[in-house]
Amino acid sequence: MWYVSTRGIAPRVNFEGALFSGYAPDGGLFMPEELPQLDRETLCQWSTLSYPGLVKELCALFIGSELIPKDDLNDLIDRAFSRFRHREVVHLSRLRNGLNVLELWHGVTYAFKDLSLSCTAQFLQYFLEKREKHVTVVVGTSGDTGSAAIESVQGAKNVDIIVLLPKGHCTKIQELQMTTVLKENVHVFGVEGNSDELDEPIKTVFADVAFVKKHNLMSLNSINWSRVLVQMAHHFFAYFQCTPSLDTHPLPLVEVVVPTGAAGNLAAGYIAQKIGLPIRLVVVVNRNDIIHRTVQQGDFSLSEAVKSTLASAMDIQVPYNMERVFWLLSGCDSQVTRALMEQFERTQSVNLPKELHSKEKFYSLGMLSEVVTSESVSDEAITQTMGRCWDENQYLLCPHSAVAVNYHYQQMDRQEPSTPRCCLAPASAAKFPEAVLAAGLTPETPAEIVALEHKETRCTPMRRGDNWTLMLQDTIEDLSRRWRGHALNASQ
Numbered sequence: 001m002w003y004v005s006t007r008g009i010a011p012r013v014n015f016e017g018a019l020f021s022g023y024a025p026d027g028g029l030f031m032p033e034e035l036p037q038l039d040r041e042t043l044c045q046w047s048t049l050s051y052p053g054l055v056k057e058l059c060a061l062f063i064g065s066e067l068i069p070k071d072d073l074n075d076l077i078d079r080a081f082s083r084f085r086h087r088e089v090v091h092l093s094r095l096r097n098g099l100n101v102l103e104l105w106h107g108v109t110y111a112f113k114d115l116s117l118s119c120t121a122q123f124l125q126y127f128l129e130k131r132e133k134h135v136t137v138v139v140g141t142s143g144d145t146g147s148a149a150i151e152s153v154q155g156a157k158n159v160d161i162i163v164l165l166p167k168g169h170c171t172k173i174q175e176l177q178m179t180t181v182l183k184e185n186v187h188v189f190g191v192e193g194n195s196d197e198l199d200e201p202i203k204t205v206f207a208d209v210a211f212v213k214k215h216n217l218m219s220l221n222s223i224n225w226s227r228v229l230v231q232m233a234h235h236f237f238a239y240f241q242c243t244p245s246l247d248t249h250p251l252p253l254v255e256v257v258v259p260t261g262a263a264g265n266l267a268a269g270y271i272a273q274k275i276g277l278p279i280r281l282v283v284v285v286n287r288n289d290i291i292h293r294t295v296q297q298g299d300f301s302l303s304e305a306v307k308s309t310l311a312s313a314m315d316i317q318v319p320y321n322m323e324r325v326f327w328l329l330s331g332c333d334s335q336v337t338r339a340l341m342e343q344f345e346r347t348q349s350v351n352l353p354k355e356l357h358s359k360e361k362f363y364s365l366g367m368l369s370e371v372v373t374s375e376s377v378s379d380e381a382i383t384q385t386m387g388r389c390w391d392e393n394q395y396l397l398c399p400h401s402a403v404a405v406n407y408h409y410q411q412m413d414r415q416e417p418s419t420p421r422c423c424l425a426p427a428s429a430a431k432f433p434e435a436v437l438a439a440g441l442t443p444e445t446p447a448e449i450v451a452l453e454h455k456e457t458r459c460t461p462m463r464r465g466d467n468w469t470l471m472l473q474d475t476i477e478d479l480s481r482r483w484r485g486h487a488l489n490a491s492q
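1 is the number of the first residue of the sequence shown in the UniProt record's numbering; add one for each residue after it.
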């Protein structure tokens, strides 16, 4: 299985190359050169698999046994999920009035990112040990990515991790989950800025190809192909849990409601659909609505500023993974994708062409709204949904999950006949007590989260006026020197 850049200039790479790269050297994102097609028989066989079983099948399909033999792959995935609290890893709660909530948050940090990052970290360590190499992972976070990335690699001997978090823009719990991990290979910076601002020094550092190569830098943000790959399993599991039957021709549709910020789960769902999973995608966002505007009007442009909302992990203006969606929509046309994305980078605004040109056909933008439906949800609707779900089910939703469930309630109240529907729940309500209180409800806080309050913390400030890029470069150079010292001592 080979991977190509959505912008078509970078040479193709295998899974290992895509895993360690993050962005392709031409600024694009890696995608499989060819998408396999799953037939009905395969889907029926997969329908009885557990969530980890689905991850194993999908990874085997997209990684290749010449890189990671099947037995090794299965062991890595079992190890990745060994710290999850729920024996199923991912659990479907069937609630009143056809509400299905897929709980993706049973990992260490109570958020869906534990699923893909725990697997990604296992793949990384597998290759690093084989090649006797070290990497420095650099992560910018709006809340959940940082803690999940830290947990996935903390204590690993071949990996250092640097996390930039937006001081005061995450919840207290999210911040503590990052700053209380005192392992030697974990380095956390608190930035006086929002999550888009802290991405700037990271992008600057990664743009220096020689520096990246010299220090073996990589990113684990949602642009990493390995994360998108594992997230495809959410959609397969949702489908098999919610489909009424696999005996009909054609197979029945299931609607999957995807709350998103950077569009990683959306890209994963669209690829799942492309390889043969009969799902209809609904993408739901908070008031940061660039994805909603793109689907509804073809308006892929930045708003004036990021709006702070109760669903804070989705307070993102630049949904990087939309580039993967555009590439697939255009019939995998890298010239069209490159032109679109370069214009967006120059002007922060693109009106998607009525026709996305391709060699034989015209792909009209109408296709995007055929592929996916969208909705943007206000804070008021989030708290109302949290309240309603509690009243009807005694079930607490996190604000991000409420963005998805709000869509379900809207459809239900219209009393239109509907296909079975599954709402993805990206985080536990336990992480967002402020939002639970705003909804007039009582937070339920697990003991592990309460204990964070009393732990020692470590976090280096990046203040306004500091040169953030220079601070980041200095830290990376220092870690490289340290690793070379360790390696030298070990060889003597």
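Ideal placement from N, C-alpha and C gives every residue a C-beta, glycine not left out.
DSSP beta-bridge partners of residue i
i           : result
residue 259 : 284
residue 189 : 164, 460
residue 279 : 254
residue 387 : Looking at the DSSP assignment, residue 387 forms no beta bridge with any residue, so it has no partner.
residue 140 : 164
residue 268 : Looking at the DSSP assignment, residue 268 forms no beta bridge with any residue, so it has no partner.
residue 111 : 427
residue 135 : 159
Residue range of the beta strand (DSSP E) that includes residue i
i           : result
residue 425 : 421–425
residue 162 : 159–166
residue 351 : 349–351
residue 299 : 299–301
residue 374 : 372–376
residue 103 : 100–103
residue 219 : 217–219
Same chain, Cβ closer than 8 Å to residue i, neighbours up to 5 away in sequence not counted
i           : result
residue 457 : 176, 179, 180
residue 449 : 110, 173, 430, 431
residue 316 : 142, 195, 196, 261, 262, 288, 306
residue 39  : 276
residue 279 : 235, 238, 239, 253, 254, 255, 256, 269, 272, 273
Separation of residue j from residue i, as counted between CA atoms
i           : j           : result
residue 341 : residue 31  : 16 Å
residue 344 : residue 320 : 11 Å
residue 197 : residue 285 : 20 Å
residue 268 : residue 371 : 13 Å
residue 201 : residue 125 : 26 Å
residue 99  : residue 419 : 12 Å
residue 348 : residue 7   : 18 Å
residue 338 : residue 352 : 13 Å
residue 171 : residue 444 : 16 Å
residue 404 : residue 144 : 18 Å
residue 323 : residue 303 : 18 Å
residue 50  : residue 85  : 15 Å
residue 160 : residue 112 : 22 Å
Contact set for residue i: own chain, Cβ-Cβ below 7 Å, skip 5 residues either direction
i           : result
residue 118 : 80, 81, 107, 152
residue 446 : 430
residue 346 : none
residue 65  : none
residue 12  : 2, 3, 4, 33
Proximal residues to residue i (C-beta, below 6 Å), its chain only, five neighbours per side dropped
i           : result
residue 406 : 377, 381, 385
residue 220 : 137, 139, 149
residue 360 : Because residue 360 sits at a pLDDT of 34, beneath the cut-off of 50, its placement in the model cannot be relied upon, and the following sentence gives the value as read from the coordinates. None.
residue 211 : none
Neighbour flag for residue i against chain B, beta carbons, 7 Å
i           : result
residue 426 : As a matter of chain content, chain B is missing from the structure shown, which is built from one protein chain.
Where the alpha helix (DSSP H) containing residue i begins and where it ends
i           : result
residue 324 : 322–329
residue 94  : Per DSSP, residue 94 belongs to no alpha helix (DSSP H); it is in the beta strand (DSSP E), 91–94.
residue 227 : 225–242
residue 406 : 399–413
residue 196 : 195–207
residue 436 : 433–438
residue 447 : 447–452
residue 173 : 172–179
(message) To test your reading of the DSSP string, which unbroken alpha helix (DSSP H) runs of 4 or more residues are found completely within the UniProt domain "Threonine synthase N-terminal" (3–81)?
(response) List check, alpha helix (DSSP H) in window: 15–21, 40–46, 51–63, 70–80.
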